[in-house]
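Residue numbers (our numbering): 4 to 100.
Taking it in order: structure first as structure tokens, then the write-up.
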């Protein structure tokens with residue numbers, strides 16, 4: 004299975020959410036990190052996270068389309084879920100650059 008998140012990076016994503024006051028971009032980043040955590044939990048088996056499934060996130064906006072995963076995950080759009088698991092803390096930065 005492969006899961007690809009497509010993230011809007013238009014200027015409007017800097018706007019604030021009425022109830023939380025967080026930016027729309029921060030809300031999207033938090034939601035995607037939560038989805039990553041859920042996918043990792045489903046892939047966990049005895050001995051670690053299985054590397055069968057791939058996941059990724061792309062952003063689109065004024066600068067075109069690009070990978071929004073950061074650090075060692077930025078080399079390709081789709082990464083094995085086991086690699087996402089190893090790097091979850093830094094895997095998805097704020098999608099607004």
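From the three backbone atoms N, C-alpha and C, an ideal C-beta is built for every residue, glycine too.
Residue 68 and residue 13 have their C-alpha atoms roughly 11 Å apart. The C-beta separation of residue 80 from residue 70 comes to about 5 Å, placing the pair in contact by the 8 Å criterion.
Around the beta carbon of residue 76, 16 or more other beta carbons lie within 10 angstroms, which makes this residue buried. In the structure shown, residue 5 falls within a strand segment according to DSSP collapsed to helix, strand and coil. Nearest C-alpha to residue 46 among 8, 83, 7: 83. Within the same chain, no Cβ atom closer than 6 Å to the Cβ of residue 51 is found once the five residues on either side in sequence are excluded.
A direct Cα-to-Cα measurement between residue 8 and residue 72 gives close to 11 Å. If you draw a straight line from the Cα of residue 10 to the Cα of residue 57, it is about 17 Å long. DSSP places residue 32 in no beta strand (DSSP E) but in the uninterrupted alpha helix (DSSP H) bounded by 27-46.
Exposure of residue 78 is indicated by the presence of fewer than 16 other C-beta atoms within 10 angstroms of its C-beta.
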